[in-house]
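Q: At the far end of the sequence shown sits residue 115, using this note's numbering, and the numbering has no gaps. We put the beta carbon where it would ideally sit given N, CA and C, even for glycine.
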Amino acid sequence: VQLQASGGGLVKVGGSLRLSCAASGTSFSISAMGWYRQAPGKQRELVAAITNAGTINYANSVKGRFTVSFDNAKNTVYLQMNSLKPEDTAVYYCFLRPVYLSDYWGQGTQVTVSS
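#1: Within the continuous beta strand (DSSP E) that includes Gln-80, where are the two ends?
#2: Tell me the DSSP secondary structure of Ser-61 in three-state form.
#3: Note down the Cα distance separating Thr-112 from Ser-29, rounded to an integer number of angstroms.
#4: Counting C-beta neighbours from all protein chains within 10 Å, is the total for Ala-48 16 or more, i.e. buried, or is it exposed?
#5: Have a look at Tyr-93 and Leu-3 and give me their C-alpha separation to the nearest angstrom.
Laid out in structure tokens, this is it:
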């Protein structure tokens, strides 16, 4: 299984970015996909996740600003990030949660929000 994340970069406060994470090599059912992030000196935290039933969870800090979506045909999860803040600066990791196996992780993509 490979998770290829893209879309990170440098953006000014209030700007937007769209992250993508394409999964390949999956021969099993997917329970959920989503994104975690880790800022320097901080623990990794869940940003957003979407299940195969369409249930969505967001971290309180991103509610109303971020939108997670999943394209089943492309096995790709997206994270639309609007109204970005400096505290959103982190490495963002996508994850794939199979139904009966351990999670898979992408390589991480850096998001930097400058003030």
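A: So, from the listed chains and residues:
#1: 76-81
#2: Three-state result, Ser-61: helix.
#3: 33 Å
#4: buried
#5: 10 Å
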